[in-house]
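Student:
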Amino acid sequence: MNQLVPRTIRMQASDNVAIVANDGGLPAGTVLADGLVLVEGVPQGHKVALVDFGDNDPVIRYGVVIGYANSAIPRGSWISEKVLRMPAARSLDNLPIGTHAVTDFAPLEGFTFEGYRNADGSVGTRNLLAITSTVQCVSGVIEYAVKRIRDELLPRYPNVDDVVSLEHIYGCGVAIDAPGAEIPIRTIRNLSKNPNFGDDVMVVSLGCEKLPPTRLFPAGSIPIGTAQPSVVTLQDQQHVGFMSMIDNLMATAERHLQKLDARRRETCPASSLVVGVQCGGSDAFSGVTANPAVGYATDLIVRAGGTVMFSETTEVRDGIDQLTARAASPEIAQAMVREMQWYDDYLVRGGVDRSANTTPGNKKGGLSNIVEKAMGSIVKSGSTAITGVLSPGDKLEQKGLIYAATPASDFICGTLQMAAGMNVHIFTTGRGTPYGLAAVPVIKMATRSDLARRWHDLMDVDAGRIATGEATIEDVGWELFRLILDVASGRRTWAEQWKLHNSLALFNPAPVT
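Residues in the sequence shown are numbered from 1 upward in steps of one, following UniProt numbering.
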């Protein structure tokens, strides 16, 4: 971007602020294209006042009120979080239900990828051996076994991509019958059935835990016709010494590897895509570049008959009226309201509200509060009708655009979307994060070209070209859609090439004793 030409971005005609697009921001005295003179320096991504604000005047971005001025602010000033008062949360009563006329897109046909078909009808994008644990106590043993499996067994099974441990910190201290305790249990169960694991479930149990394999996988929880779980229990009498545990794990793993190695990629329709979308380390460009491009790709996937999940409850809560207006039915709208209310109540029990979401990095990147952040986050959902709602830990049973209610934590959101059945993950970032998942390929998009240049071997897509005018939202949306198909067919993302992945993180609102 040419630093000599001041550039600002105004999202809608009704906005009374704009963000500075120039790398490094703009100094005081800069004259903008419309003749406005900056009365103070404004960092990149931060807002400049386009009008004179009086005390308590609304500050509008994305066509919505993102805050109220704490005092008089002259035009040309820097509008930071320090000079704004956040609006109250939108009531969950009397919301518009299915009132927004969503675009009736023509079906998108003819797009395919090379994936692994499963007996339950799902399609994997990777061919992985996953090892599930029933309790955190066994994690060290599994870690040791995974290293041995990777070093000694995997080279003999070249059609298996890797072995992954579905490690978690769930233990016996949890009040397992308390309200909310069912969320982590069904999450672990559904993680084990992710399509990238090929209908294969291998479980390691200690033997004395509150969550034994029979409770984790009760009768009927594994579809008829698919392999039943293989269970290795470390406290079994047959295990004499640590090495006997490892030998048993190796032998069990090899049986699964033999089955997985027989699988081959097949041509599958784009309707088999199950894509989770998420943002982390967001900045003011998230809602300008990367997230709108994701929203465009979301529409393409839905048009192709596929599935997209958007999540992060606190990061869409302030746009609840926009979401219920796009609901395909009153029941879907009410389900969204139910999940939002549950989360409101959950935060109240913890003594906080949605304002606790915004991070120091978000604010440094120009996001003043959760309202502004939400308006930029929600656009990842695109513009089609919302056809389903998932509670935390639920598994998908339908196609289309799905609201999967999750916390906004990157790691918990990714874990819950993986449990729901996603086979490709899209992650946008403005501040930068090396986030990755071991079990699902993660495509990372930079909101700014400066980040894409500096992290050239971590970011898969540079959406900052939208801000510079080098590309349109539609251009990057199509680029992302085609990349998703390539990645689903086996192309490795940067996170996969470097083997970067974050730990799985269960959402457990139940008490721990």
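Glycine residues also receive a C-beta, built at the ideal position from the N, C-alpha and C atoms.
Between which residues of its own chain and Gly207 is the CB-CB distance below 8 Å, once the five residues before and five after are set aside?
Tutor: Counting from one through the sequence shown, the residue named residue 207 turns up at place 207. So the list reads Thr233, Leu234, Gln235, Asp236, once near-sequence residues are dropped.
Student: Taking 7 Å as the cut-off, does the CB of Lys193 come closer than this to any heavy atom belonging to the ligand MN?
Tutor: Because no ligand of any kind appears in the structure shown, any question about the ligand MN cannot be addressed here.
Student: Can you give the beta carbon distance from Val442 to Phe427, rounded, assuming they're within the 8 Å contact cut?
Tutor: If you number the sequence shown from 1, residue 442 lands on position 442. If you number the sequence shown from 1, residue 427 lands on position 427. The pair is a contact, with the Cβ atoms about 5 Å apart (cut-off 8 Å).
Student: Taking 8 Å as the threshold (C-beta atoms), are Leu108 and Gly76 in contact?
Tutor: Within the sequence shown, the letter at position 76 stands for residue 76. Within the sequence shown, the letter at position 108 stands for residue 108. Cβ atoms of Gly76 and Leu108: not closer than 8 Å.
Student: Mapping the DSSP letters down to three states, classify Thr8 as helix, strand or coil.
Tutor: As a working mapping, residue 8 is identified with position 8 in the sequence shown. Note: Thr8 maps to strand in three-state DSSP.
Student: Might you give, ordered along the chain, the residues of its own chain that have their beta carbon closer than 7 Å to the beta carbon of Glu143, omitting 5 neighbours on each side?
Tutor: Numbered from 1 along the sequence shown, position 143 holds the residue referred to as residue 143. Excluding positions up to five away in sequence, the list reads Ser165.
Student: Mark His168 as exposed unless 16 or more other C-beta atoms lie within 10 angstroms of its C-beta, in which case mark it buried.
Tutor: As a position in the sequence shown, residue 168 is number 168, starting the count at 1. Counting Cβ neighbours within 10 Å, His168 comes out buried, since at least 16 surround it.
Student: Classify Met243: buried if its beta carbon has 16 or more other beta carbons within 10 angstroms, exposed otherwise.
Tutor: Position 243 of the sequence shown, counted from the first residue, corresponds to residue 243. That one is exposed.
Student: Considering only the beta carbon of each residue, do Val275 and Ile301 sit closer than 8 Å?
Tutor: What you label residue 275 is simply residue 275 of the sequence shown in a count that begins at 1. What you label residue 301 is simply residue 301 of the sequence shown in a count that begins at 1. For Val275 and Ile301, yes; Cβs fall inside 8 Å.
Student: Between which two residues does the alpha helix (DSSP H) holding Gly376 run?
Tutor: Here residue 376 refers to the residue found at position 376 when the sequence shown is read from its first residue. From DSSP, the alpha helix (DSSP H) with Gly376 extends over 370 to 377.
Student: Hey, quick one: how far does the alpha helix (DSSP H) through Gly361 stretch, first residue to last?
Tutor: Along the sequence shown, read from residue 1 onward, the residue named residue 361 stands at position 361. Residues 360 to 364.
Student: Please name the residue, chosen from Gly124, Arg189, Val174, Ile320, that lies closest to Asp161 on a Cα-to-Cα basis.
Tutor: Within the sequence shown, the letter at position 161 stands for residue 161. Measuring from the Cα of Asp161, the nearest candidate turns out to be Gly124.
Student: Determine whether the beta carbon atoms of Ile386 and Tyr403 lie at a separation below 8 Å.
Tutor: As a working mapping, residue 386 is identified with position 386 in the sequence shown. As a working mapping, residue 403 is identified with position 403 in the sequence shown. Yes.
Student: Given that a residue counts as buried once 16 or more other Cβ atoms are within 10 Å of its Cβ, and exposed if not, what is Glu266?
Tutor: One-based indexing of the sequence shown puts residue 266 at position 266. The residue is exposed, with fewer than 16 neighbouring Cβ atoms inside 10 Å.
Student: Please go through the same chain and pick out, in chain order, the residues whose beta-carbon is closer than 6 Å to the beta-carbon of Thr30, but skip the five residues on each side of it.
Tutor: As a position in the sequence shown, residue 30 is number 30, starting the count at 1. The residues are Pro6, Leu38.
Student: Would you give the residue range spanned by the alpha helix (DSSP H) that Gln334 belongs to?
Tutor: As a working note, residue 334 is residue 334 in the sequence shown. That run of the alpha helix (DSSP H) goes 330 to 349.
Student: So, is the C-beta of Asp177 closer than 8 Å to a C-beta in chain B?
Tutor: Reference to chain B is not applicable here, since this structure consists of a single protein chain.
Student: Give the secondary structure of Leu416 by DSSP, where H, G and I count as helix, E and B as strand, and everything else as coil.
Tutor: In the sequence shown, residue 416 corresponds to position 416, counting from 1. In the structure shown, Leu416 sits in a helix (DSSP, three-state: H, G or I).
Student: Using a threshold of 8 Å, state whether the C-beta atoms of Thr384 and Asp299 are closer than that.
Tutor: Walking along the sequence shown from the start, residue 384 turns up at place 384. Walking along the sequence shown from the start, residue 299 turns up at place 299. Cβ atoms of Thr384 and Asp299: closer than 8 Å.
Student: The beta strand (DSSP E) with Gln278 in it runs from where to where?
Tutor: Indexing the sequence shown from 1 puts residue 278 at position 278. Start and end: 274 to 279.
Student: Mind the definition here: the stretch 276 to 284 touches the stretch 404 to 421 only if three or more C-beta pairs lie below 8 Å; say whether that holds.
Tutor: yes
Student: So, at 6 Å on beta carbons, what are the nonlocal neighbours of Phe310 in its own chain, with the 5 sequence-adjacent residues on each side left out?
Tutor: Taking the sequence shown and counting its residues from 1, the one referred to as residue 310 is at position 310. Cβ within range, chain order: Val277, Lys380, Ser381.
Student: When the distance is taken between beta carbons, is Ala297 closer than 8 Å to Ala446?
Tutor: Locating residue 446 in the sequence shown gives position 446, where the first residue counts as 1. Locating residue 297 in the sequence shown gives position 297, where the first residue counts as 1. Not in contact: Ala446 and Ala297 (Cβ atoms no closer than 8 Å).
Student: Does the stretch 424 to 438 touch the stretch 479 to 489, meaning 3 or more C-beta pairs lie closer than 8 Å?
Tutor: yes
Student: Residue ranges of each beta strand (DSSP E) run of no fewer than 3 residues wholly in the stretch 270 to 327, ordered along the chain?
Tutor: 274 to 279, 307 to 310
Student: Roughly how many whole angstroms lie between the Cα atoms of Thr493 and Gly432?
Tutor: In the sequence shown, the residue the question calls residue 493 occupies position 493. In the sequence shown, the residue the question calls residue 432 occupies position 432. Each residue's alpha carbon lies about 16 Å from the other.
Student: If the criterion is Cβ atoms closer than 8 Å, does the pair Ile9 and Val294 meet it?
Tutor: As a first step, residue 9 must be located in the sequence shown, where it is residue number 9. As a first step, residue 294 must be located in the sequence shown, where it is residue number 294. No, Cβ-Cβ distance for Ile9 and Val294 is not below 8 Å.
Student: Can you give me the C-alpha to C-alpha distance between Ser329 and Gly388, rounded to a whole angstrom?
Tutor: Taking the sequence shown and counting its residues from 1, one reaches residue 329 at position 329. Taking the sequence shown and counting its residues from 1, one reaches residue 388 at position 388. C-alpha separation (whole angstroms): 9 Å.
Student: Under a three-way DSSP split, which group does Ser205 fall into?
Tutor: Counting from 1 along the sequence shown, the entry for residue 205 is found at position 205. Strand, per DSSP.
Student: Cα-Cα, which of Gln334, Pro269, Asp261 is closest to Ile484?
Tutor: Position 484 of the sequence shown holds residue 484. A check of alpha carbon separations from Ile484 across Gln334, Pro269, Asp261 identifies Pro269 as the nearest.
Student: State the beta-bridge partners of Ser122 as determined by DSSP.
Tutor: Your numbering for residue 122 matches position 122 in the sequence shown. Looking at the DSSP assignment, Ser122 forms no beta bridge with any residue, so it has no partner.
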